[in-house]
Every structure is written in structure tokens, then in C-alpha cells.
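S.K.:
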Amino acid sequence: MAPASKPSDSDVALRAAIGDDLRPLKKMAAKVDLREAKDDICRNALHLAALKGHLEVCKFLVEELGLDVNSTMVSRGFVVLELEFELIPLCGFVPPGHCEAIRLLLSKGVDVDRVNYRGTPLHLAASMGKDQALKILLEHGADVSF
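Take the sequence shown: its position 58, counted from the start at 1, is 58 in full-length UniProt numbering, and no numbers get skipped.
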């Protein structure tokens with residue numbers, strides 16, 4: 001049996017982003033361009049960190065590395081804010097970190113009204129019963145007329 005191959009620096013960085021592990025992420029950021037590092041469905045480190053509500057990782061990626069909060073997953077057309085709602089458990093609350101991550105993304109200029117096949121982030125939050133997220137989106141000017 002052949003030995004398992006060593007993961008690439010990009011893979012290590014993406015695992016660190018989704019795992020809320022800032023130290024190895026910073027180390028990998030010195031080696032690879034995290035704007036270009038993507039997983040097999042075109043999610044970058046910011047997509048993965050936002051998906052899990054990892055606020056400090058999101059801050060590092062946006063504020064220190066300048067990752068684009070409106071970057072899309074080419075394969076699915078999602079932007080980072082939409083990912084905040086994509087895999088949140090449907091149990092009636094927003095997990096710790098997600099509200100803060102949503103606020104961060106909105107403060108950095110994410111498009112609050114971007115439409116995909118499921119509607120806007122406001123539609124997604126409403127359809128999932130995410131009252132806290134709805135309030136935040138409305139406070140940031142989400143258009144209720146879509």
C-alpha cells in the first residue's frame with residue numbers, strides 16, 4: 001500500500017479555516033495566497049470560516065489579508081453571507097459566532113440583497129426561522145420588497 005500523500009499548503013489552510021485554528025492559518029497565509037486556495041467545490045477560506053461562524057478567522061481573512069466578502073463560489077454562485085445560512089442546523093437558533101460573523105461581513109460591504117436560486121440572505125434567514133439573523137439583516141438595510 002502506498003503511503004498517503006501529504007496535504008498541500010492550501011489544503012492545510014482551508015482545514016485551519018473551517019476548524020477555527022488561527023495559528024496554522026496564519027502560518028499557511030505566509031506560504032500561499034488564500035484568495036486562490038479553494039476546496040473541491042470552489043469554497044475559499046473565508047467561505048469555510050463564515051460557514052462555521054468563526055469570527056476571529058473571518059476577521060483575519062478580511063481585515064488582515066483582504067479577502068473579498070463578495071467572492072462567489074463559482075460552482076454554486078453563493079457569496080459568503082449566503083453560506084452563513086447554508087448549513088446552519090434547522091433548530092431555531094443561530095449558533096454562537098454566526099451573528100457576529102454576519103455583522104462583520106455586513107460591515108465590510110457584503111451585498112445584503114444578492115439573489116441566488118433560493119432568494120436573498122433575508123429570504124434564507126426567514127425560511128430557516130433565524131430571528132436574530134433577520135434582525136441583523138434588516139438593521140443593515142436588507143430590502144424586504146424582493
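In this text, a Cβ means the ideal position worked out from N, Cα and C, and glycines have one as well. Nothing here was measured: the structure is a model prediction, and the numbers come from that model.
Indicate whether Phe-146 and Val-110 have their beta-carbon atoms separated by less than 8 Å.
M.R.: no
S.K.: Using CA atoms only, rank isn't needed, just tell me which of Val-69, Ile-41, Cys-58 is closest to Glu-100.
M.R.: Comparing alpha carbon positions, the residue from Val-69, Ile-41, Cys-58 closest to Glu-100 is Cys-58.
S.K.: Where do the ends of the alpha helix (DSSP H) carrying Arg-103 lie?
M.R.: Looking at the DSSP string, the run of the alpha helix (DSSP H) that includes Arg-103 is 98–107.
S.K.: Among Leu-51, Met-128, Asp-20, which has the Cα closest to the Cα of Phe-60?
M.R.: Asp-20
S.K.: Between Leu-138, Arg-15, Leu-122, which has its C-alpha nearest Asp-40's C-alpha?
M.R.: Asp-40 has its Cα closest to that of Arg-15, out of Leu-138, Arg-15, Leu-122.
S.K.: Take the Cβ of Arg-118 as the centre, count every other Cβ of all protein chains shown within 10 Å, and call the residue buried at 16 or more, exposed below.
M.R.: With fewer than 16 Cβ atoms within 10 Å of its Cβ, Arg-118 is classed as exposed.
S.K.: Roughly how many whole angstroms lie between the Cα atoms of Ala-4 and Pro-24?
M.R.: If I take the Cα positions, the gap works out to 21 Å.
S.K.: Buried or exposed: where does residue 186 fall if 16 or more other Cβ atoms within 10 Å of its Cβ makes it buried?
M.R.: What is shown of the chain runs 1 to 146, which leaves residue 186 out entirely.
S.K.: Roughly how far, in whole angstroms, is the beta-carbon of Leu-67 from the beta-carbon of Leu-48, given that I think they are within contact range, below 8 Å?
M.R.: The pair is not a contact, with the Cβ atoms about 11 Å apart (cut-off 8 Å).
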